[in-house]
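A.B. asks:
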């Protein structure tokens, strides 16, 4: 089966300098994949020349004249940039010319344009952003990470259904456990939204295990953890900040003087192995779930390795056909006929 | 000036086994301090005997027959346990027999009982929990950490005033910068509560610097960061979980085989110096601000070093008289007379 991924070549902090290399590396390792590089042909072809790449029949350049800036308001990107690389890439997906779309562009704009172009699946009110994070036991799928800053309990229930399907697809788990992120594990804890969601989840048929506190994310208390986009975004970004501070402190301590530098030299392979385990690049590629199509968001600052990983995430999700599984799960049960 | 701290000797996961030792160590290093150990006299005196402590005129045992369990619902603790160690300790503070109260007990119960016994300061609708966290540049005071799971913009403004006073007291900063935790730094980002708070803060006279994202907490983007208690609690607990996972991964990598263990031996002093910098014990002692009195909450799992640190935090806050500063700050400006 041939799989074509439309890659927004202009997205992210680095644009074609990173996306083109990532596409080539990805194609090399995945002989069944095709990539449509969407964006300004001059920039993309210049980059292909710089990399001295011969013609590749699995690589196609699809022109788009405009670029959505990283700080552009989503409404403006949606209204005024009809020929942006992001929008053209999503249109390829909608029109069946691609099986997935990957972009490292502005998250808010990607969400708005994807929502407009692809529409949500039946039964899904709002798409959500989900990503995998490392835990003491493996990894966890956390959603929503910022698509919806205000949610109802019903939205959280829908996120739980989608998260379960992603965990099944990615990890092959039969009945992944689902936790609801809260400020405590007792029934009385939390705000009204969380309490409503808890009731809905308890009778949802999902493998709902109850409330999980913030430290339960990395402890691996559940396979899927659900929260509103405000809370999820703060949890994710706070983690990024803490990890960065810890790296800086470690580096500072090992760089303090000659003996500590020597110790750092000796410990280097171990520290490298450690760094690989928590490398954010390995976890690059957040999925926009709930849409008619596979859309993967790469981190804006992603490098070649990270964008390539986002392409891998897209490939895996196309293979499992996550949108189709969500559609079937959300379908109302057949009505008994009266005739 | 003599300062007396009422210590809930029964609070926390370890009770008198930890609190009594912590009180003794604290008294030894602080000749101006007195401690009232509040709780079941048998348990406290048994511990004093075990430690073979002679009489200490700066240490007093104040009897309280009941103990609030760590998982007890706050409303129940408030209604049924009139003679709990927590409540008696807070009453000593209210009645002027103590200058501060420290407890490692159940946070929700401590908040409820403290609110009931001490009342909030004029102009403060709700008390908040604030703590200092390490950053790349020093530390930040983050609030609210879980006292209020649903907040209005006005509540967040009040938290900003209180956080500013704490930062001034603890760090001696003249005009600490205040950030509002949000999912992005652009004006259009966030929910209604955050947007209202931003407007109130912009004209508050505080050194308000705008929105700060989750990674800005540890990057040191502001001296004070304000959020609702749901978000603050998740940010704090997520950080605790991530730090624990990172420690576990480091330990695992250094313990993998003989060469890595040798590397660990060489790197040990550096790793220890690093661990000290991010040691949660150094940051133990969250303050309940907005009440008529200094109340410090120690972590439930706190050990002797950590409880002692919480006593130090209380001492510092009594010296600066944080409640009095908040009272003056919130006082309405004098009305011009008409007579």
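Residue numbers (this note's numbering), protein chains in the order written: chain A, 313 to 651; chain B, 313 to 651.
The C-beta atom is built at its ideal place from N, Cα and C for all residues, glycine as well.
Using a Cβ cut-off of 7 Å, pull out every chain A residue sitting near residue 589 (chain B), in sequence order please.
C.D. replies: Walking along the second chain from the start, residue 589 (chain B) turns up at place 277. In chain order: 561.
A.B. asks: Residue 503 (chain A) touches chain B at which residues, Cβ-Cβ below 8 Å?
C.D. replies: In the first chain, counting from the first residue as 1, residue 503 (chain A) sits at position 191. What residue 503 (chain A) touches in chain B: 461, 462, 542.
A.B. asks: Is DSSP giving residue 364 (chain A) helix, strand or coil here?
C.D. replies: Here residue 364 (chain A) corresponds to residue number 52 of the first chain, with the count starting at 1. Three-state DSSP puts residue 364 (chain A) in coil, outside helix and strand.
A.B. asks: Note down, in chain order, each residue of its chain lying with its Cβ closer than 8 Å to the Cβ of residue 439 (chain B), except the 5 sequence neighbours on either side.
C.D. replies: Locating residue 439 (chain B) in the second chain gives position 127, counting from the first residue. 423, 426, 427, 432, 459, 600, 601, 602, 603, listed in sequence order.
A.B. asks: Can you pull the chain A residues whose beta carbon is under 9 Å from the beta carbon of residue 613 (chain B), in chain order?
C.D. replies: Your numbering for residue 613 (chain B) matches position 301 in the second chain. Within chain A, no residue comes near residue 613 (chain B); the closest Cβ sits about 12 Å away, beyond 9 Å.
A.B. asks: Throw me the rounded Cβ distance for the residue 521 (chain B) and residue 510 (chain B) pair, which I believe falls under 8 Å.
C.D. replies: In the second chain, the residue the question calls residue 521 (chain B) occupies position 209. In the second chain, the residue the question calls residue 510 (chain B) occupies position 198. With 8 Å as the limit, residue 521 (chain B) and residue 510 (chain B) do not qualify as a contact, their Cβ atoms being about 11 Å apart.
A.B. asks: Quick check on DSSP: helix, strand or coil for residue 352 (chain A)?
C.D. replies: Position 40 of the first chain, counting from 1, holds the residue named residue 352 (chain A). It is coil, neither helix nor strand.
A.B. asks: Do residue 492 (chain B) and residue 468 (chain B) have their C-beta atoms closer together than 8 Å?
C.D. replies: For the purposes of this step, residue 492 (chain B) is identified with residue 180 of the second chain, where counting begins at 1. For the purposes of this step, residue 468 (chain B) is identified with residue 156 of the second chain, where counting begins at 1. Yes, Cβ-Cβ distance for residue 492 (chain B) and residue 468 (chain B) is below 8 Å.
A.B. asks: Suppose only complete runs of 3+ residues qualify. What are the beta strand (DSSP E) ranges in the stretch 499–547 of chain B, listed by chain order?
C.D. replies: Correct list: 519–524, 536–538.
A.B. asks: Can you tell me the Cα-Cα spacing of residue 320 (chain A) and residue 627 (chain A), whole angstroms?
C.D. replies: Along the first chain, read from residue 1 onward, the residue named residue 320 (chain A) stands at position 8. Along the first chain, read from residue 1 onward, the residue named residue 627 (chain A) stands at position 315. So the alpha carbons of these two residues sit roughly 15 Å apart.
A.B. asks: How would you label residue 577 (chain A), buried or exposed, when you count the other beta carbons within 10 angstroms and need 16 or more for buried?
C.D. replies: As a working mapping, residue 577 (chain A) is identified with position 265 in the first chain. Classification of residue 577 (chain A): exposed, given that the 10 Å Cβ count is below 16.
A.B. asks: For the beta strand (DSSP E) containing residue 603 (chain A), name the first residue and the last one.
C.D. replies: Counting from 1 along the first chain, the entry for residue 603 (chain A) is found at position 291. Counting along the chain, residue 603 (chain A) falls outside any beta strand (DSSP E), and DSSP gives it neither H nor E.
A.B. asks: Thinking just about the alpha-carbon of each residue, which of B:402, B:394, B:410 is nearest to the one in residue 347 (chain B)?
C.D. replies: If you number the second chain from 1, residue 347 (chain B) lands on position 35. Out of B:402, B:394, B:410, B:410 has the C-alpha closest to the C-alpha of residue 347 (chain B).
A.B. asks: So residue 527 (chain B) packs on residue 556 (chain A), CB below 8 Å; how close in whole Å?
C.D. replies: By 1-based counting over the second chain, the position of residue 527 (chain B) is 215. By 1-based counting over the first chain, the position of residue 556 (chain A) is 244. So it is a contact: roughly 7 Å between Cβ atoms.
A.B. asks: How long is the line joining the alpha carbons of residue 338 (chain B) and residue 613 (chain B), rounded to whole angstroms?
C.D. replies: Residue numbering aside, residue 338 (chain B) sits at position 26 when the second chain is read from its first letter. Residue numbering aside, residue 613 (chain B) sits at position 301 when the second chain is read from its first letter. Each residue's alpha carbon lies about 18 Å from the other.
A.B. asks: To the nearest angstrom, how far is it from the Cα of residue 415 (chain B) to the Cα of residue 399 (chain A)?
C.D. replies: Here residue 415 (chain B) refers to the residue found at position 103 when the second chain is read from its first residue. Here residue 399 (chain A) refers to the residue found at position 87 when the first chain is read from its first residue. The alpha-carbon atoms of residue 415 (chain B) and residue 399 (chain A) are separated by roughly 56 Å.
A.B. asks: Measuring only between beta-carbons, confirm whether residue 552 (chain B) sits less than 8 Å from chain A.
C.D. replies: Position 240 of the second chain, counted from the first residue, corresponds to residue 552 (chain B). True, the Cβ-Cβ gap to chain A drops below 8 Å.
A.B. asks: Looking at the strands, I want to know which residues DSSP matches up with residue 372 (chain B).
C.D. replies: On the second chain, residue 372 (chain B) is found 60 positions in, with the first residue counted as 1. B:348.
A.B. asks: Give the C-beta separation of residue 397 (chain B) and residue 379 (chain B) to the nearest angstrom, bearing in mind that I take them to be a contact with Cβ-Cβ under 8 Å.
C.D. replies: Position 85 of the second chain holds residue 397 (chain B). Position 67 of the second chain holds residue 379 (chain B). Yes, residue 397 (chain B) and residue 379 (chain B) are in contact; Cβ-Cβ is about 6 Å, under 8 Å.
A.B. asks: Measuring only the C-alpha atoms, how far is residue 462 (chain B) from residue 494 (chain B)?
C.D. replies: The residue you call residue 462 (chain B) lines up with position 150 of the second chain. The residue you call residue 494 (chain B) lines up with position 182 of the second chain. Approximately 15 Å between the Cα atoms of the pair.
A.B. asks: When you check each C-beta in the stretch 415–428 of chain A against every C-beta of chain B, which residues fall closer than 7 Å?
C.D. replies: Listed in sequence order: no entries.
A.B. asks: Is there at least one Cβ from chain A nearer than 8 Å to residue 582 (chain B)'s Cβ?
C.D. replies: Residue 582 (chain B) sits at position 270 when you count from the first residue of the second chain. For residue 582 (chain B), the answer is yes, since a Cβ of chain A falls inside 8 Å of its Cβ.
A.B. asks: Between residue 556 (chain B) and chain A, is there a C-beta pair that is closer than 8 Å?
C.D. replies: Working through the second chain from its first residue, we reach residue 556 (chain B) at position 244. For residue 556 (chain B), the answer is yes, since a Cβ of chain A falls inside 8 Å of its Cβ.
A.B. asks: If you draw a straight line from the C-alpha of residue 596 (chain B) to the C-alpha of residue 478 (chain B), how long is it?
C.D. replies: On the second chain, residue 596 (chain B) is found 284 positions in, with the first residue counted as 1. On the second chain, residue 478 (chain B) is found 166 positions in, with the first residue counted as 1. The straight-line gap from Cα to Cα measures roughly 15 Å.
A.B. asks: Please identify the residue among B:316, B:331, B:317 whose C-alpha is closest to the C-alpha of residue 618 (chain B).
C.D. replies: Residue mapping note: residue 618 (chain B) aligns to position 306 of the second chain, counting from 1. Of the listed residues, the one whose Cα sits closest to residue 618 (chain B) is B:331.
A.B. asks: Can you check whether the C-beta of residue 618 (chain B) is within less than 8 Å of a C-beta belonging to chain A?
C.D. replies: Counting from 1 along the second chain, the entry for residue 618 (chain B) is found at position 306. No, residue 618 (chain B) lies away from the interface with chain A (no Cβ there is under 8 Å from its Cβ).
A.B. asks: Hey, residue 483 (chain B) and residue 539 (chain B): beta-carbon distance below 8 Å or not?
C.D. replies: If you number the second chain from 1, residue 483 (chain B) lands on position 171. If you number the second chain from 1, residue 539 (chain B) lands on position 227. Against a cut-off of 8 Å, the Cβ pair of residue 539 (chain B) and residue 483 (chain B) comes out as no contact.
A.B. asks: Residue 412 (chain A) bridges to which residues according to DSSP?
C.D. replies: Counted from its first residue, the first chain places residue 412 (chain A) at position 100. Bridge partners of residue 412 (chain A): A:317, A:606.
A.B. asks: May I ask you to list the residues that DSSP assigns as paired with residue 491 (chain A)?
C.D. replies: Taking the first residue of the first chain as position 1, residue 491 (chain A) is located at position 179. In the DSSP output, where bridge partners are listed per residue, residue 491 (chain A) has A:522, A:537.
A.B. asks: For residue 387 (chain B), which three-state DSSP category applies?
C.D. replies: Locating residue 387 (chain B) in the second chain gives position 75, where the first residue counts as 1. Correct three-state label for residue 387 (chain B): helix.
A.B. asks: Counting contacts by CB-CB distance shorter than 8 Å, is residue 510 (chain B) in contact with chain A?
C.D. replies: Locating residue 510 (chain B) in the second chain gives position 198, counting from the first residue. With 8 Å as the cut-off, residue 510 (chain B) does not count as an interface residue toward chain A.
A.B. asks: Between residue 642 (chain B) and residue 473 (chain B), which are expected to be in contact by the criterion C-beta below 8 Å, what is the C-beta distance as a whole number of angstroms?
C.D. replies: Translated into positions along the second chain, residue 642 (chain B) becomes position 330. Translated into positions along the second chain, residue 473 (chain B) becomes position 161. 7 Å between Cβ atoms; contact.
A.B. asks: Under 7 Å Cβ-Cβ, which residues of chain B neighbour residue 585 (chain A)?
C.D. replies: Position 273 of the first chain, counting from 1, holds the residue named residue 585 (chain A). The answer, in chain order, is 565.
A.B. asks: Taking the C-alpha atoms as reference points, what is the distance between residue 269 (chain A) and residue 605 (chain A)?
C.D. replies: Chain A is shown only over 313 to 651; residue 269 (chain A) falls outside these bounds and no answer can be derived.
A.B. asks: So, does the CB of residue 495 (chain B) fall closer than 8 Å to a CB anywhere in chain A?
C.D. replies: To locate residue 495 (chain B), count along the second chain from 1; it is residue 183. True, the Cβ-Cβ gap to chain A drops below 8 Å.
A.B. asks: So, helix, strand or coil for residue 378 (chain A), using DSSP?
C.D. replies: Taking the first residue of the first chain as 1, we reach residue 378 (chain A) at position 66. Strand.
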